[in-house]
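Under the numbering used here, the letters of the sequence shown match residues 14 to 112, in that order. Structure record follows, encoded as structure tokens.
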Amino acid sequence: TPPEHHAHCFLEKVAFMPSTYMVNDHRQSQLHQIQGDFSVQNARNRSLPHHQEIPVLANFNHLQKLGPRTFDLWTQIMSHPALRDSKLWMLKFPGEAEP
14 TPPEHHAHCF LEKVAFMPST YMVNDHRQSQ LHQIQGDFSV QNARNRSLPH
64 HQEIPVLANF NHLQKLGPRT FDLWTQIMSH PALRDSKLWM LKFPGEAEP
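Here it is, written out as structure tokens:
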């Protein structure tokens, strides 16, 4: 379904710019963080959760989009019995970009 059919779902004003490209390839700016094997043992060595052991959810929106309403939705999702042990991964920006 094209995104323009869902504009009513956004609180923000949606701007469609079909002849543009948004650069957001974290694989280039944070390559040193994502290279290598991320096996279950690799995750354990770093005290990180691994999707083969527990559900790992992710929210990679900008931090300003994680308001009280969105955070409440995440807590509701994670309170589901099947997700009680789940972990929520969030995007961390470089220190100079954090509030």
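Using N, Cα and C, we set each Cβ at its ideal position, and we do this for glycine too. Keep in mind it's a predicted model, so treat the numbers as computed, not measured.
Cβ-Cβ distance between residue i and residue j below 7 Å
i          : j           : result
residue 70 : residue 101 : yes
residue 68 : residue 92  : no
residue 73 : residue 104 : yes
Run of the alpha helix (DSSP H) containing residue i, from where it starts to where it stops
i          : result
residue 53 : 53-58
residue 91 : 81-91
Continuous beta strand (DSSP E) stretch holding residue i: start and end
i           : result
residue 103 : 100-103
For residue i: DSSP bridge partner residues
i          : result
residue 71 : 102
Spatial distance of residue i from residue j (CA atoms)
i          : j          : result
residue 57 : residue 63 : 8 Å
residue 30 : residue 94 : 41 Å
residue 75 : residue 66 : 27 Å
residue 26 : residue 16 : 13 Å
residue 84 : residue 19 : 21 Å
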